[in-house]
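The structure under discussion appears below in the form of structure tokens.
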Amino acid sequence: MAQPSTISPVPLLRDELDIVIPTIRNLDFLEMWRPFFQPYHLIIVQDGDPSKTIKVPEGFDYELYNRNDINRILGPKSSCISFKDSACRCFGYMVSKKKYIYTIDDDCFVAKDPSGKDINALEQHIKNLLSPSTPFFFNTLYDPYRNGADFVRGYPFSLREGAPTAVSHGLWLNIPDYDAPTQLVKPLERNTRYVDAIMTIPKGTLFPMCGMNLAFNRELIGPAMYFGLMGDGQPIGRYDDMWAGWCTKVICDHLGLGVKTGLPYIWHSKASNPFVNLKKEYKGIYWQEELIPFFQSVTLPKDCTTVQQCYIEISKQVKAKLSKVDDYFSKLADAMVTWIEAWDELNPSGAKSAEVPNGASK
Amino acid sequence: MRTPSCLLPLTLDSAVLNLSNITDLSPLPDHILIELFLRTLRAGKLTERVLKLFIATGKDEVFSLIQELNIQVTVNPVLPTRTLNSDLTSFMNAWRPIFSRFHLIIVKDLDLKEEIKIPEGFNLDVYEKPDIDRLVGTSTSIIFSGYACRYFGYLVSRKKYIISVDDDCLPAKDNKGFLVDAVSQHITNLTTPATPFFFNTLYDPFTEGADFVRGYPFSLRSGVTCVLSCGLWHNLADYDAPTQALKPEERNSRYVDAVLTVPARTLMPISGINIAFNRDVVGPALLPCLRLAAEGKFRWETMEDIWSGMCVKVICDHLRLGVKTGLPYVWRNDRGDAIASLRKEWEGVKMMEEVVPFFQSLRLPQEATTAEDCVVEVANAVKEKLGSKDPVFARTAKAMLDWVKLWKSVGGCSSSPGA
């Protein structure tokens, strides 16, 4: 059963967490986040023109990578990192040496909770990642480990220890994460509803993972967070995080890891151009009708006990089953393998490998 | 985008909320009367009594509106009485603004000896032991006592939607301090689609101010019919005895402003304290069949609703129907001593360890296309796979078959195949 609530401070995890930010413009938004982000190391992935200098506000500890750096570090393997798309952020995951990652878009600001208080999104993500998930049975009072809540009557006691949390998916107030058709139909809709809940997405259920306000345990699931081939020279955009989310969820389900969604909220300030988005998403809207049944039916063999093994297995199935949808998926499958090779090169297994102690699925 | 509020719309909204106290509408000017009529209709509050009020004004425009529109009251709150207190006066008066416009079915627990007291002004039917005996006979193994008495109400209702609330619950307040109309919220949940095949991170996409997020497949956006709506509880949450004993001071005060669909193949504990369902489609699947040996009079001494909920969810998943959870909240009064309950055997708690894996692996055959067929299949599986583990399961399986027979004979026409 859930621990009796104690008001202990949330650990900062200052030396165990990196904040990964993709950017093409500037990082002015960091000023607003300074009270919450300043203790942490930032990894900035600069997309677009590498000759441009990105100004980072004073006082932040950071490393910055532009396209030239990516090419230098990965050599020929850099082909798996997208260009002209925020998908390039996953390079930051690969190059980090920390246990946890928080990634945020540069048009996301500090939101306020209903009492008017500034929300420390990073602190909430840390809380989410450090407390268990409950993927095997749904708790109607949502997160049972939260202050003021618990497991409800009928929740089996054998499942009350929960599963380790691999991903914490936060939400957005103001501009909601809609696709282009919805944006075109409802250009003025703003998300004003503050839903005071965190919940585990049940095992066997897929969801659309948005990369705008996302944290994860890099040791548990890092290699699955490949954001695909998007943007320049690719037939599709704005599906990077979706692709990573589906792969991640399938692997989490297989390895018995949890994915949470809900709090914290950030304030999303910039509505992208729906016509530009429509062009990028167009193929994706058709392709996802094939992709969803594909991911819903993926099964991973029992002997896939590491994230890398699971990921390579998925890439094989992508190549086998999705190439007929479009040749793009054949290239994507290759890129997935390249990504894992690059990951393993930069993160040799002398260091912690992404293996779960009791790896087999329930 | 909200237009600035002014006095007239605010007054009309207030009038709609207080219709139960209005006895004469004739002083209203025509245009205000019509506007009130339309708002009443939209809010789902046009009952026979209120309709008569409008008709009594004698205004032509009202008559022509009534003729044009097809008005039906299809909701039936079912209220079981609790054995410790036969006086329903304070409960019903608290719910009066919300319940008064509906037909109520009150079912008296067989074990309750005293006369029940009900205040005036409600449109209701009361069923007691003699009625139950007469309609059901004695040949069935179903016993409509304790919390199970409400299922008799489900059996005899002829309405499409049923709402059931424990009688130690009162209307709750939302995060702005307004009284929650639990009935209205349940109806909204049941009359908008559910989305069990893919999770929407902004929760209910059909609610105002929300939608499907980027990455949600378009082919899944029309959703499926929602047939069960599970509400939540403020103050005394539905915890089991060990949890409540460990945290005696804990009270649920968090208002989570969301309704969400429980994904397909995901199971959860469905509490009977505050639920609503589509009787036409899944009526037979809500069943009073699991009775613990030490079944008690407090919620944490029973599992009948949890068992019923497992059956309903598996059946809904099979028939591709939706189940929602979240709003509305009700306020649940403090009652009972969790520690005293701990002394009873934790039969129900131990039982869940067997029950959950059973339901998680249960698959029903293609040929079962109605709720009754599905209940029979589940009952057979219970007998086969759980019957040997504990005699309570063999009894439950038999009770489930008896329930289907009862439903067919007393429950009116059989349920429609999954809508």
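Chain order of the listed sequences is A and B. The opening position of the first sequence corresponds to residue 5 in our numbering, with each subsequent residue numbered one higher. The opening position of the second sequence corresponds to residue 2 in our numbering, with each subsequent residue numbered one higher. Idealized CB from N, CA, C, for every residue including glycine.
Below-9 Å beta-carbon distance, residue i vs any chain B residue
i	result
A/F155	yes
A/D22	no
A/E349	no
A/P160	yes
A/H129	no
A/Q292	yes
A/K116	no
A/A125	no
A/P212	yes
A/M234	no
Backbone CA spacing between residue i and residue j [nearest angstrom]
i	j	result
A/N351	A/M98	8 Å
B/T244	B/H32	56 Å
A/V302	A/Y66	39 Å
A/P305	A/D257	13 Å
B/V377	B/I316	11 Å
A/L133	A/P148	14 Å
B/V137	B/V411	7 Å
B/G45	B/C227	18 Å
A/K328	B/A183	50 Å
B/P392	B/S21	50 Å
B/S342	B/E302	7 Å
A/D331	A/C94	23 Å
B/K114	B/Y128	14 Å
B/I188	B/F278	9 Å
A/D109	A/I318	28 Å
A/Q42	B/L47	58 Å
A/K190	A/L175	19 Å
B/L156	B/K60	40 Å
B/A294	B/S146	14 Å
A/G235	B/F199	26 Å
B/A380	B/V181	38 Å
A/R18	A/L188	41 Å
B/D338	B/Y240	12 Å
Neighbour flag for residue i against chain A, beta carbons, 9 Å
i	result
B/L268	yes
B/G216	yes
B/Y148	no
B/T202	yes
B/R333	no
B/I106	no
B/S272	yes
B/D25	no
B/A294	no
B/E121	no
B/R300	yes
B/A372	no
B/I307	yes
B/N176	yes
B/V383	no
B/G310	yes
B/G210	yes
B/N236	no
B/D239	yes
Supposed contact pair residue j and residue i - C-beta distance, whole angstroms, cut 8 Å
i	j	result
B/V260	B/D318	No, B/V260 and B/D318 are not in contact; Cβ-Cβ is about 19 Å, not under 8 Å.
B/G232	B/N275	4 Å
B/I117	B/K109	6 Å
B/L237	B/R252	7 Å
Where residue i falls, given that 16 or more other Cβ within 10 Å makes a residue buried
i	result
A/K59	exposed
A/C84	buried
B/F219	exposed
B/E354	exposed
A/D307	exposed
B/Q73	Per-residue confidence for B/Q73 stands at a pLDDT of 45, beneath the threshold of 50, marking its modelled position as unreliable; the derived number appears in the next sentence. So B/Q73 ends up on the exposed side.
A/S86	buried
A/N221	buried
In chain order, each alpha helix (DSSP H) run of at least 4 residues that lies wholly inside the segment 210-251 of chain A: 222-225
Which complete beta strand (DSSP E) runs does the segment 299-342 of chain B hold, if anything under 3 residues is left out? 323-333
Complete alpha helix (DSSP H) runs within the segment 181-247 of chain B (minimum length 4 residues, chain order): 183-192, 242-247
Run through the segment 74-140 of chain B for me and flag every whole alpha helix (DSSP H) of 4 or more residues, listed as ranges in chain order. 90-100, 130-137
Quick one: which unbroken alpha helix (DSSP H) runs of 4-plus residues sit fully inside the segment 110-166 of chain A? Chain order, please. 125-134
Ignoring anything shorter than 4 residues or poking outside the segment 276-302 of chain A, list the alpha helix (DSSP H) runs there in chain order. Runs found: 278-301.
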